[in-house]
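2 protein chains.
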Amino acid sequence: MTTSTREQFLAAAEQLFADKGFYGASIATIARKLGLTKQALLHHFGNKEKLYGEVLRALSERLAANNAAIRQRYPDPAEQLEEMLLAQFRGQMKNQDSARLIMRELLDNEQRADRAGNWYLKDYLEELVSTVQSVNSSYSRARALAVVYQLLGAAHYFAVSQPTLDNIFGKRQMAITRGCFEEQLRRLIRAALA
Amino acid sequence: MTTSTREQFLAAAEQLFADKGFYGASIATIARKLGLTKQALLHHFGNKEKLYGEVLRALSERLAANNAAIRQRYPDPAEQLEEMLLAQFRGQMKNQDSARLIMRELLDNEQRADRAGNWYLKDYLEELVSTVQSVNSSYSRARALAVVYQLLGAAHYFAVSQPTLDNIFGKRQMAITRGCFEEQLRRLIRAALA
DNA sequence: TTGACAGCTTACCATGCGGTAAGTACATTG
DNA sequence: CAATGTACTTACCGCATGGTAAGCTGTCAA
Chain A
20 MTTSTREQFL
30 AAAEQLFADK
40 GFYGASIATI
50 ARKLGLTKQA
60 LLHHFGNKEK
70 LYGEVLRALS
80 ERLAANNAAI
90 RQRYPDPAEQ
100 LEEMLLAQFR
110 GQMKNQDSAR
120 LIMRELLDNE
130 QRADRAGNWY
140 LKDYLEELVS
150 TVQSVNSSYS
160 RARALAVVYQ
170 LLGAAHYFAV
180 SQPTLDNIFG
190 KRQMAITRGC
200 FEEQLRRLIR
210 AALA
Chain B
20 MTTSTREQFL
30 AAAEQLFADK
40 GFYGASIATI
50 ARKLGLTKQA
60 LLHHFGNKEK
70 LYGEVLRALS
80 ERLAANNAAI
90 RQRYPDPAEQ
100 LEEMLLAQFR
110 GQMKNQDSAR
120 LIMRELLDNE
130 QRADRAGNWY
140 LKDYLEELVS
150 TVQSVNSSYS
160 RARALAVVYQ
170 LLGAAHYFAV
180 SQPTLDNIFG
190 KRQMAITRGC
200 FEEQLRRLIR
210 AALA
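Note that the protein sequences, when read in sequence, are chains A and B. According to the working numbering, the stretch in the first sequence is residues 20 to 213, in order. According to the working numbering, the stretch in the second sequence is residues 20 to 213, in order.
As structure tokens, then:
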């Protein structure tokens, strides 16, 4: 299993952007992780903004692929939605870099000239919204979006806060909380759709 | 109503930290907003990290004061919790700088040497957790934290995403969604405690 | 064998960063 | 009137940043 230099750059960049944000991460530091110079990075990606865009694109493709798989496996829309949200939660708990990266993009994309990630997020959200609507057809699009966002927020916020929460409440306490979080989240999802 | 230079610095800093994050915001830019030089700022706050800490402290004091007022006004814990969460949501929708600032702190505080904001957030969270426990005494501390965090996340995530959502779905659609968000949130809060 | 290209390197540059040092202008106080 | 302190300024520093330019090396096709 050989990973191309390009892919290694993308992986290293994802981690550093997640840790420090777009401004805080430097391309020289990313390159140093592979033992290369920043000019090697620039050779592959042109500039920092484009690198960031590619990282985001790769991430959103992974998200979309997951949802597509779930949509295939489960016929019932209510199950689909529940599984999509829970899968996304589990994924973000496992790969917290991706969770933090999306959160940062939510915060930053207005600031940066090129709004690289907007449109990928859009597709992802639209899919969830329309799934909610097919579960509960009395919900307007606007209300379905509110529901989706609350559930997404409940999960994403927690995933992103893990290091801070470990700091505040201690690892032991948080291990227990993590243990019951998913069950509680499932409850919340069902309540929101009832 | 004269605001001291110091207070003006804090206000300007809050805004810029919220916009660009700790790394992205420069003290020179903050000072320029008041027509002063960065050395004036350094005169008042010593260094960037301390300025950031003071901004966070001021913010957390506002949060604590709001909660204290609610705790006084409402005798019933269930009402207290609902009002605290909704008040926090409304506050964050009105002052989105503060919402983004807290979110950024959640993401960044592990990275920065001095973890300025940890302990303020701690008090705030503990208060909510213990309120949940007095509403539903069958919840363990760990489970109460899970519940609190889900509800907090549902609200905070939405507040923080406003500019991005406006971009994706358009201002009209989002105005409608904002209109039904709070009612939906209230439903979610009650469901989580039942 | 030559030419082109991919994948790097070193060298360099202007800009902006946080921070120090030293000084100025002005008000308050002994 | 002198001393002290506050609220600023200009001047400067060393360093890291994103990006450009030019060149080196190996591969591969004509």
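Just so you know, even glycine gets a beta-carbon here, dropped at the ideal spot from N, CA and C.
Residues of the segment 140 to 156 of chain B whose Cβ lies closer than 8 Å to any Cβ of chain A, in chain order: Leu140, Lys141, Leu144
Completely contained alpha helix (DSSP H) runs for the segment 63 to 139 of chain B, where each covers 4 or more residues: 67 to 92, 96 to 113, 115 to 127
Interface partners of Arg119/A on chain B, CB under 7 Å: Per Cβ cutoff of 7 Å: Leu126.
Inter-residue Cα distance where the pair is Gln181/A and Gln34/A: 16 Å
Thr183/B - containing alpha helix (DSSP H), residue span: 181 to 188
Three-state secondary structure (DSSP) of Ser159/A: Residue state for Ser159/A is assigned as coil, using DSSP reduced to three classes.
Gln130/B to Ser157/A span [Cα, whole Å]: 45 Å
Rounded Cβ spacing between Ile187/A and Lys141/B (contact assumed at less than 8 Å): 5 Å
Selected residue, minimal CA-CA separation from Ala84/A, among His62/A, Gly65/A, Gly110/A: Gly110/A
Nearest to Gln203/A (by Cα), restricted to the options Leu212/B, Val154/B, Leu204/B, Asn114/B: Looking at the Cα atoms, Leu212/B is the closest of the given residues.
Chain B contacts from the segment 33 to 50 of chain A (Cβ-Cβ distance under 7 Å): Against chain B - using a Cβ distance shorter than 7 Å - the residues of the segment 33 to 50 of chain A are Asp38, Lys39, Gly40, Tyr42, Gly43.
Contact the segment 102 to 117 of chain A vs the segment 85 to 92 of chain A: 3+ CB pairs below 8 Å: yes
Interface residues of chain A facing Gln130/B [CB-CB closer than 8 Å]: Asp38, Lys39, Gly43
Test: Leu29/A CB closer than 7 Å to a CB of chain B: Interface residue (Cβ-Cβ distance to chain B less than 7 Å): Leu29/A is not classified as such.
Chain B contacts made by the segment 57 to 72 of chain A, where a contact means CB separation under 8 Å: none
Thr12/B - containing alpha helix (DSSP H), residue span: With chain B represented from 20 up to 213, any question about residue 12/B goes unanswered, as that position is not in the structure.
Per-residue burial, Gly40/B [other beta carbons within 10 Å of its own, 16 or more giving buried]: By the neighbour-count criterion, in which a residue is buried when 16 or more other Cβ atoms sit within 10 angstroms of its Cβ, Gly40/B is buried.
Buried versus exposed, by CB contacts within 10 Å (16 or more), His175/A: buried
Coil, strand or helix - Ala213/A by DSSP: coil
Test: Phe200/B CB closer than 7 Å to a CB of chain A: yes
Pick from Arg162/B, Gln152/B, Ala37/B that is closest to Asp95/B, judged by C-alpha positions: Gln152/B
Inter-residue spacing [alpha-carbon to alpha-carbon] between Ile46/B and Leu60/B: 7 Å
8 Å Cβ shell around Leu55/B - same chain, five flanking residues per side excluded: Thr24
Closer than 8 Å at the beta carbon, the chain B residues around Arg162/A: Thr196, Cys199, Gln203
N-terminal and C-terminal residue of the alpha helix (DSSP H) that Thr24/B is part of: 24 to 43
Beta carbon proximity, Phe108/B to chain A, threshold 7 Å: no
Phe28/B to Ile49/B span [Cα, whole Å]: 7 Å
When Glu26/A, His62/A, Leu78/A, Ala44/A are compared against Tyr143/A, the one with the closest alpha-carbon: Leu78/A
Length of the line joining the Cα atoms of Ala178/A and Arg162/A: 24 Å
Contacts that Val179/A makes with chain B (C-beta to C-beta distance below 7 Å): Leu125, Leu126
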